[in-house]
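Before any comments, here is the structure.
Numbering (my numbering), first residue to last: 81 to 217.
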């Protein structure tokens, strides 16, 4: 699933103190807003200079994530929206879709609900609304 975007997200979160500027609040231990020169943006909870807790990350390419972070990675409940209109709402572990969730393919108007592991569908629990396309990488 859009591995490049997710890996970029993990990298940007871990490199936050190197390439971004805290424009509001406390971006080390607390709640703050940080902007990057490339147009990326994060607002939320911080711990040791990394997103940790609830927050929202928006990328310059139009993708966004709103939910829980742990040690700079998407972790816990969250919703990721891609620029193309696809979205995933569910569990995350170490920056990857893992656990229960719902994925929506905008172009095909297809929805999948079930289990994911390492960004892959592992078990279909409900019949998809249409034929489920492959999760692109």
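We put the beta carbon where it would ideally sit given N, CA and C, even for glycine.
{"Asked": "Measuring only between beta-carbons, confirm whether residue 116 sits less than 8 Å from chain C.", "Found": "The structure shown has no chain C; it contains just one protein chain."}
{"Asked": "Rounded to whole angstroms, how far is the Cβ of residue 231 from the Cβ of residue 154, which I believe are closer than 8 Å?", "Found": "It is not possible to answer for residue 231, since the shown part of the chain is limited to 81 through 217."}
{"Asked": "By the 10 Å Cβ neighbour count, where 16 or more other Cβ atoms means buried, how is residue 101 classified, buried or exposed?", "Found": "exposed"}
{"Asked": "Write down every uninterrupted run of the beta strand (DSSP E) in the stretch 133–208 whose length is 3 residues or greater and which is fully enclosed by it, in chain order.", "Found": "144–150, 153–161, 167–173, 176–185, 190–197, 200–204"}
{"Asked": "Tell me which residues share the same chain as residue 106 and place their Cβ nearer than 7 Å to its Cβ, disregarding the 5 neighbours each side in the sequence.", "Found": "112, 126"}
{"Asked": "State buried or exposed for residue 165, treating a residue as buried only when at least 16 other CB atoms are found within 10 Å of its CB.", "Found": "exposed"}
{"Asked": "Please report the straight-line C-alpha distance between residue 123 and residue 104, rounded to a whole angstrom.", "Found": "9 Å"}
{"Asked": "Taking 8 Å as the limit between beta carbons, can you name the residues of its chain near residue 134, skipping five residues before and five after?", "Found": "124, 125, 147, 148, 149"}
{"Asked": "Residue 120: which of 140, 108, 132 sits nearest, CA to CA?", "Found": "140"}
{"Asked": "Would the beta-carbon of residue 182 fall within 8 Å of that of residue 193?", "Found": "yes"}
{"Asked": "Taking the alpha carbon of residue 171 as the point to measure from, which residue in 191, 118, 158 has its own alpha carbon closest?", "Found": "158"}
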